[in-house]
Amino acid sequence: MPAVIPAIVAPSATDPLFTGTVERRDVGPSDVRIDIRWAGVCHSDIHTVQGDWGPQPYPLTVGHEIVGTVAEIGSDVTGFAVGDRVGVGCLVNSCGECANCAAGQEQYCENGAIGTYAATDVDGTVTQGGYSTSVVVTEKFVLRVPEAIPYEKAAPLLCAGITTYSPLRHWNAGPGKKVAVIGLGGLGHMAVKIAHAMGAEVTVLSRSEAKRDDALKLGADHYFATEDDETFRTLRASFDLIINSVSAAIDINAYLKLLALDGTLVNVGAPSEPMPVGAGTLISNRRSFAGSNIGGIAETQEMLDFCAEHDIAPEVEITSADDINEAWARVLASDVRYRFVIDIDTLR
């Protein structure tokens, strides 16, 4: 019989979150049951619950930055054992058969990857996320969390880490490349750390001077405030790659003009409003405007191992289940340095 477990539940797009329950399926032959210890708070959780990306199947438990330990494995599971330290990111399944899945790009599954929450699972039920005490996931979508990564800091890597690692790797950030990061929040601060570790020259573009000291401590070589119009004149045609981590509409044409010849601006933030792009801005300097999702499972594991090797971990604030509504309010106010992580023991 399905297990009923404690969870933080969103009853609607407007009502506060509350402590309730969700159901978890029995462990099948290829499944892993994970006792969740830490769950990151992503801005996407809030966008989803508030209906910014469309109607949602309430009541809903969100959370796709999940770290815990293996509590039970199915009879066919060979890659994990009870007690292993593991994680789950934004996906819990995909078709496994299309060209993209075969290429290890499950996030771009042609038949629709199954998200960790608010998605229709293979059995027709709605997936429920990591703001809960346990989760059951098919083995292929479980990740091994290296011991070198502090346990309480590991969860945000499963979304913020891979969301920034994937485009940096794809567009070859490294020695000799000039990389700019727009915004220094949950995504942006990870982009700075990872790009710096890859060997790129890193510039942070933030609205004001408020985060200058933080940016330089995180690994940025340069920092510019975008509220100063002189910034856009000084940096014109400067960068090979720009990562836009902001989840709000910005004047994207102004930032595109900061790209050098053949440069690319990659959007990883997901604003609900459209951002018009002028064709002339792209044509000049043969610029590209691209988007990037999370990575596939293999690349996500690669990211975790990279972060362990380079001593990279998110900057986090620990919050309790009881304080989740306050934490969400602070995320919306950009008042967190730089990612909330829920101590799931406070939910038990």
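For the sequence shown, full-length UniProt numbering assigns the number 1 to the initial residue and increments by one for each residue that follows. Where a beta carbon is used, it is the ideal one built from N, C-alpha and C, also for glycine. Quick caveat: nothing in here was measured; it's all calculated off a predicted structure.
Item	Value
Cβ of A71 within 8 Å of Cβ of D35?	yes
To the nearest angstrom, how far is it from the Cα of P59 to the Cα of A148?	37 Å
Looking at the unbroken beta strand (DSSP E) that takes in T19, where does it start and where does it end?	18-24
Determine, using beta carbons only, whether H64 and L157 come nearer to each other than 8 Å.	no
Are the beta-carbon atoms of P146 and A313 separated by less than 8 Å?	no
Of all the options A10, R24, I73, which has the alpha carbon lying nearest to the alpha carbon of residue 374?	The shown model of the chain, from 1 to 348, leaves out residue 374, and the question about it has no answer.
Just the Cα atoms here: how many angstroms apart are G87 and D121?	19 Å
To the nearest angstrom, how far is the alpha carbon of N325 from that of D262?	44 Å
If we ignore side chains and look at the alpha-carbon of each, how far apart do K257 and A290 end up?	14 Å
Please name the residue in L91, K153, E139, V331 whose C-alpha comes closest to that of R37.	K153
Consider the Cβ of E309: report whether some Cβ of chain B lies at a distance smaller than 8 Å.	Of the protein chains in this structure there is only one, and it is not chain B.
At what residues does the beta strand (DSSP E) containing A180 begin and finish?	178-182
Measure the alpha-carbon distance for V41 versus E302 and round it to whole angstroms.	22 Å
For a test of the three-state rule: what should DSSP assign to L261, helix, strand or coil?	strand
Go ahead and pull the three-state DSSP assignment for N111.	coil
DSSP state of D322, grouped into three classes?	helix
Would G185 pass as a contact of S272 if the rule is Cβ separation under 8 Å?	no
If you measure between the beta carbons of D228 and K178, is that distance less than 8 Å?	no
Please classify E299 as buried or exposed, where buried requires at least 16 neighbouring CB atoms within 10 angstroms.	buried
So, under 8 Å CB-CB, A237 and N285 are touching, yes? Tell me the CB distance rounded to an integer number of Å.	6 Å
Taking the straight line between their C-alpha atoms, what separation do you get for Q50 and G280?	36 Å
Any chance the segment 316-325 sits against the segment 164-171, with 3 or more Cβ pairs inside 8 Å?	no
For a test of the three-state rule: what should DSSP assign to F287, helix, strand or coil?	Note that residue 287 is Arg in the sequence shown here, rather than Phe. If DSSP states are grouped into helix, strand and coil, R287 belongs with coil.
Would you report the Cα separation of K193 and P57, rounded to the nearest angstrom?	36 Å
Which runs of the beta strand (DSSP E) at least 3 residues long sit entirely within the segment 51-109? Give them in chain order.	66-73, 85-88, 91-93
Can you check whether the CB of I5 is closer than 8 Å to the CB of T19?	no
Going by DSSP, name the residue or residues bridged to G40.	V341
Determine the direct distance from the alpha carbon of V331 to that of A215, and round the result to whole angstroms.	19 Å
Given that a residue counts as buried once 16 or more other Cβ atoms are within 10 Å of its Cβ, and exposed if not, what is G83?	exposed
Is DSSP giving H310 helix, strand or coil here?	coil
Confirm, please, whether the CB-CB distance from I8 to T48 is below 8 Å.	no
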